[in-house]
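A short worksheet on the structure shown next.
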Amino acid sequence: MKKRHVLFLHFLLLLWFALDMTGFCFNHFCLVTSSYQDDGIFFFLYVGVIVLFMTNKTIGNWLSIIFLSLWFLLQFMAHEWYTFFDSGIMGNLQGKIQYFSKTVHWLVIEGKYIPDVYHTILHMLILLTLIGTIRYALKNNSSV
């Protein structure tokens, strides 16, 4: 995988994540509400990771892989864990269902939390970017 392809994935993920900063609603359609207060620092950390990825081959690759791995793990614990186990470390199930009740969902099941469309796509983009970054780092022998 070429660096420009991995950068495309990083920028696509950053663009998608930017929707979380601003929110994206149109009439009764709400893809994601603004979470700048909760996720703003994380957003700017990711911008820094991308800058390091572009400017420092070894540190940028390592930091990208670590950051994306931890981000995916955090997202899994905050979303999919509740889907599988009906509880988790980030609040109770009903609170999670209520918090995301106004966003667009693929599927709604009473009393069950299923990640909304925004978070499902976010998780896929994180995973795709992580895989692309690992492939790039391994192919280019950056001590990963």
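Using my numbering, the letters of the sequence shown correspond one by one to residues 1428 to 1571.
Ideal Cβ positions, reconstructed from N, Cα and C, are used throughout, including at glycine.
Simplified DSSP state of Leu1458, which is helix, strand or coil: strand
Opposing strand residues paired with Ile1536 [DSSP bridges]: Lys1539
Euclidean distance between Cα positions of Val1571 and Phe1469: Confidence at Val1571 is low in this model, with a pLDDT of 48, below 50, so the placement of that residue should be treated as unreliable; the coordinate-derived value is given next. Cα to Cα, Val1571 sits roughly 24 Å from Phe1469.
Classification of Thr1482 by the beta-carbon crowding that lies within 10 angstroms, buried from 16 upward: exposed
Residue burial classification, Ile1492 (beta-carbon count within 10 angstroms, cutoff 16): buried
Run of the beta strand (DSSP E) containing Phe1451, from where it starts to where it stops: 1451 to 1453
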